[in-house]
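Comments concern the structure below.
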Amino acid sequence: MGSIIRKFKYAAFALVLVAAVGGINLFCLNTAYASTTLTSDNKLWDFTTDGTIVKYNIEQDKNKTTKITIPEKLTANGVSYNITKISWGAIGWNDTIVEINIGSNITDIESGSFTKLTALEKINVSSGNKKYCDINGILYNKEKTFLIRYPQKNETKILELPNTFTYCYINAIEKAENVVGLKIPASYTGKSRTDKDKLEPKFFPNLMTITVSPENAYFLAEEGVLYSKDKTTLYWYPPKKPSSSFTIPDSVKTIAMDAFMNAENLKNLNLTSKIQSISKNFEGCKLTSINNIKTRKEYINWNPSIKSIFQKHLHYFEDQPFSISLVEQEVQYAVDTYIKKGMNDYEKLYALYNYVAKKVSYTDGNTGEEQYHCLSSVFLGDETVCEGYALAMSLLLDKVGITNCSVSGNSVEFGSHAWNLVQINGVWLQIDATWDDKGDYAGTQYFLKSKSEYEKIHAPYKLNINENFTKYSFGVDKSIYNYNLPQCNIRIGDINKDGVINEADKNHMLNEIQGYAKYSHLGYYNVLADVKLDGKIDMDDYNLLCDKIVLENKNILIGDLNKNGVYDKEDLALLEKEIQKCKTQPGYYNILADVYYDRALDIIDYIVLEDYVNHKIS
Numbered sequence: 004m005g006s007i008i009r010k011f012k013y014a015a016f017a018l019v020l021v022a023a024v025g026g027i028n029l030f031c032l033n034t035a036y037a038s039t040t041l042t043s044d045n046k047l048w049d050f051t052t053d054g055t056i057v058k059y060n061i062e063q064d065k066n067k068t069t070k071i072t073i074p075e076k077l078t079a080n081g082v083s084y085n086i087t088k089i090s091w092g093a094i095g096w097n098d099t100i101v102e103i104n105i106g107s108n109i110t111d112i113e114s115g116s117f118t119k120l121t122a123l124e125k126i127n128v129s130s131g132n133k134k135y136c137d138i139n140g141i142l143y144n145k146e147k148t149f150l151i152r153y154p155q156k157n158e159t160k161i162l163e164l165p166n167t168f169t170y171c172y173i174n175a176i177e178k179a180e181n182v183v184g185l186k187i188p189a190s191y192t193g194k195s196r197t198d199k200d201k202l203e204p205k206f207f208p209n210l211m212t213i214t215v216s217p218e219n220a221y222f223l224a225e226e227g228v229l230y231s232k233d234k235t236t237l238y239w240y241p242p243k244k245p246s247s248s249f250t251i252p253d254s255v256k257t258i259a260m261d262a263f264m265n266a267e268n269l270k271n272l273n274l275t276s277k278i279q280s281i282s283k284n285f286e287g288c289k290l291t292s293i294n295n296i297k298t299r300k301e302y303i304n305w306n307p308s309i310k311s312i313f314q315k316h317l318h319y320f321e322d323q324p325f326s327i328s329l330v331e332q333e334v335q336y337a338v339d340t341y342i343k344k345g346m347n348d349y350e351k352l353y354a355l356y357n358y359v360a361k362k363v364s365y366t367d368g369n370t371g372e373e374q375y376h377c378l379s380s381v382f383l384g385d386e387t388v389c390e391g392y393a394l395a396m397s398l399l400l401d402k403v404g405i406t407n408c409s410v411s412g413n414s415v416e417f418g419s420h421a422w423n424l425v426q427i428n429g430v431w432l433q434i435d436a437t438w439d440d441k442g443d444y445a446g447t448q449y450f451l452k453s454k455s456e457y458e459k460i461h462a463p464y465k466l467n468i469n470e471n472f473t474k475y476s477f478g479v480d481k482s483i484y485n486y487n488l489p490q491c492n493i494r495i496g497d498i499n500k501d502g503v504i505n506e507a508d509k510n511h512m513l514n515e516i517q518g519y520a521k522y523s524h525l526g527y528y529n530v531l532a533d534v535k536l537d538g539k540i541d542m543d544d545y546n547l548l549c550d551k552i553v554l555e556n557k558n559i560l561i562g563d564l565n566k567n568g569v570y571d572k573e574d575l576a577l578l579e580k581e582i583q584k585c586k587t588q589p590g591y592y593n594i595l596a597d598v599y600y601d602r603a604l605d606i607i608d609y610i611v612l613e614d615y616v617n618h619k620i621s
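Convert by adding 3 to the 1-based position in the sequence shown; the result is the number in our numbering.
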């Protein structure tokens, strides 16, 4: 037995050696690695020696042929090769080819072999082909279990998929322009090799109705709309369905991704309280109402159970006309309610700051959820996060003509955050509506601050441009700040803008006060002189400026009552005592306790200092 095995080994070795000497590589024969790419003698085809079509050279076709036939053989350098395969992209990116003919010789067609053929009407397959076939010019495998290529200009109006159909090749249907009706057989399960193998709404831009075989165990259709068999999921609303209004059935809990894509005739969508999940669905839609709601008053009085469903998913509706209109109406309400005639820019800014603080609160839920990050979370919702605050403030300020932009940064201590830069009297300063939200009013702890005053608690910032403000009738394009982002280098109190707050600013302050008196009827105002942050310039600002100069020269922190260089709980205890002294001793005043900068000691100072302590600001 051993000698037989040895003889077999020697024979095998000899065969390999002979093959090698003769120029034949047995290990690579008939593999892609052994093939060489050639160009046919007629220059029309690039192909490999193992019989694979690589490319149809349309530019070499002098006759501009609109109908092509896949050859059975190709000749290069006088040698003939059998053709059996068509590779990915072999015939594509062409707007003249209308017909392709495939013979019995083709045994392998890769996905994407006929991509981007915008004029293609049909693909004809020889009846003798054992691997492939066509139905009305649509290419399938022989068993008709999967669709390989749907010609974009195929004239089929009602696409009735064969009763063996299970899935499509990836990108098999780029656009079925003429299909207005789709019939889904019992065999279709929606369970494909990948998500890209499924039937998708984007494939059928002019679809008006869908029908499903009653024997299908996974899907059903009602009034042309596709649902799961138990009708708990709405999968597909045909984009050209003529109805202008549609009510989600009570059984539906989930609206699948892209279900309403490009439903351009749909103007009103009625939600129900039974819905639990809505995905990104409304690209290409132009909804003018939701549950027939078009006005702010109707929205406020909307059924709470349905309204909460909408608010949970309002980021998906944000670009719809009705949502834009409701936001604009709410902004108008804020302006009409909070902005009074004769207000200067400071007063307008702080009034809208207060509106946002009263309108919403920082969410107690998952801050990563998208509905809290969109602009409409403030105007159409009850809860938001820093990004919502910043975007909403930006739009409000656009409405009243105050130059601004929203910014964001990522600090080591506080993580990602968003806030605003505003321009008052030509001076850029920072505001943070999130951290100044005191519930029923807005504080001023983070209001109109310079870069140096923010640098310990706010990260270096960049433009926050994830919201397109220009979709609103009064929204301002902020793209200029991509290239020229304001730096906010000047502090309030530095009236002469020399970078320090000192005695020289006191003289300027007196001039400002006199100027204010002289020009009060003209609304004279200089934000750098408004140390008290109350929208006017008077002796209170002068006194506070004097205090500020003393404190800065001695390097003392207002609120650091124990003078240990940091804000801590001991400072809070001491402040409480100072407030009590102020109540019992008329005229008592301790500048270190006046955290709010209003020359009064009260609960507001305590609240502000408590915020400092909680944020561990040094």
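We put the beta carbon where it would ideally sit given N, CA and C, even for glycine.
Residue i and residue j closer than 8 Å at C-beta
i: Pro245; j: Met211; result: yes
i: Thr39; j: Thr52; result: yes
i: Phe263; j: Thr291; result: no
i: Leu185; j: Phe149; result: no
i: Asn181; j: Asn166; result: no
i: Ile138; j: Asn144; result: no
i: Gly368; j: Ser380; result: no
i: Asp508; j: Gly496; result: yes
i: Leu274; j: Cys288; result: no
i: Gln490; j: Tyr457; result: no
Close Cβ partners of residue i (< 7 Å) along its chain, the five nearest in sequence each way excluded
i: Ser130; result: none
i: Tyr615; result: Gly562 and Tyr570
i: Leu577; result: Leu564 and Asn565
i: Tyr349; result: Ile427, Tyr528, Val530, Asp533 and Gly538
i: Phe30; result: Residue placement at Phe30 is poorly supported in this model, since its pLDDT is 33, which falls under 50; the coordinates still yield a value, given next. Here the set comprises nothing.
i: Val334; result: Phe382, Leu398, Leu399 and Lys402
i: Val430; result: Ile493, Val530 and Leu531
i: Thr169; result: Thr148, Phe149, Ser190, Tyr191 and Thr192
i: Gly478; result: Leu398, Asp401 and Phe472
i: Met67; result: The sequence shown places Lys at residue 67, not Met. The answer, listed in chain order, is Thr99.
i: Ile27; result: In this prediction, Ile27 has a pLDDT of 35, which is less than 50 and means its spatial position is unreliable; what the coordinates show is noted afterwards. Closer than 7 Å at Cβ, skipping near neighbours: no residue.
i: His524; result: Caution applies to His524, whose pLDDT of 46 falls short of 50 and renders its modelled position unreliable; the value that the coordinates give is listed next. Closer than 7 Å at Cβ, skipping near neighbours: no residue.
i: Thr112; result: Here the sequence assigns Ile to residue 112, which means Thr is not the residue at that position. If we look at Ile112 and ignore the five residues flanking it on each side, its Cβ neighbours are Ile89, Tyr135 and Ile151.
Residue i CB to nearest heavy atom of the ligand GTP below 7 Å
i: Ala337; result: The ligand GTP is not part of the structure shown, which contains no ligands of any sort.
Cβ neighbour criterion (16 or more within 10 Å) applied to residue i
i: Thr437; result: buried
i: Val503; result: exposed
i: Ala17; result: Here Ala17 scores only 39 on pLDDT, less than 50, and its place in the model is too uncertain to base an answer on.
i: Val553; result: exposed
i: Gly418; result: exposed
i: Tyr444; result: exposed
i: Gln583; result: exposed
i: Val611; result: buried
i: Leu513; result: exposed
i: Val213; result: The question names Val, yet the displayed sequence has Ile at residue 213. Classification of Ile213: buried, given that the 10 Å Cβ count is 16 or more.
i: Glu177; result: buried
i: Phe11; result: With a pLDDT of 36 at Phe11, under the threshold of 50, the modelled position of this residue cannot be trusted, and the question is left open.
i: Gly81; result: exposed
i: Asp597; result: buried
Nonlocal neighbours in the same chain, by C-beta distance under 8 Å from residue i, ignoring five residues either side
i: Ile258; result: Thr236, Leu237, Ile251, Ile278, Ser280, Ile281, Ser282 and Asn284
i: Ala393; result: Ser409, Val410, Ser411, Ala421, Trp422, Asn423, Ala436, Thr437 and Asn467
i: Thr370; result: Val388
Cut-off 6 Å between Cβ atoms - residues of its own chain near residue i, not counting five sequence neighbours on either side
i: Ala35; result: Note that Ala35 scores 38 on pLDDT, short of 50, meaning its location in the model is unreliable and no value can be drawn from it.
i: Ile594; result: Asp550
i: Gly106; result: Glu75 and Ser129
i: Asp440; result: Ala360
i: Ile161; result: Gly184
Rounded Cβ spacing between residue i and residue j (contact assumed at less than 8 Å)
i: His420; j: Ser409; result: Rounded, the Cβ-Cβ distance is 11 Å, inconsistent with contact.
i: Tyr528; j: Ile516; result: With a Cβ gap of about 12 Å, Tyr528 and Ile516 do not count as contacting.
i: Lys351; j: Ile405; result: 6 Å
i: Lys58; j: Asp49; result: 4 Å
i: Ala220; j: Lys232; result: 6 Å
i: Gln332; j: Gln374; result: About 20 Å separates the two Cβ atoms, so there is no contact after all.
i: Lys357; j: Tyr341; result: In the sequence as presented, Lys is not what sits at residue 357; that position holds Asn. With a Cβ gap of about 7 Å, Asn357 and Tyr341 count as contacting.
i: Phe249; j: Ile293; result: Actually they are not in contact, since the Cβ atoms of Phe249 and Ile293 sit about 11 Å apart, beyond 8 Å.
i: Asp98; j: Ala122; result: 5 Å
Within-8 Å CB hit, residue i to chain D
i: Phe472; result: In the structure shown, chain D cannot be found, because there is only a single protein chain.
*asked:* For the stretch 470 to 484 against the stretch 448 to 455, do three or more pairs of beta-carbon atoms, one drawn from each stretch, fall closer than 8 Å, so that the two count as touching?
replied: no
*Is there contact here, the stretch 302 to 316 with the stretch 358 to 371, by at least three beta-carbon pairs under 8 Å?*
no
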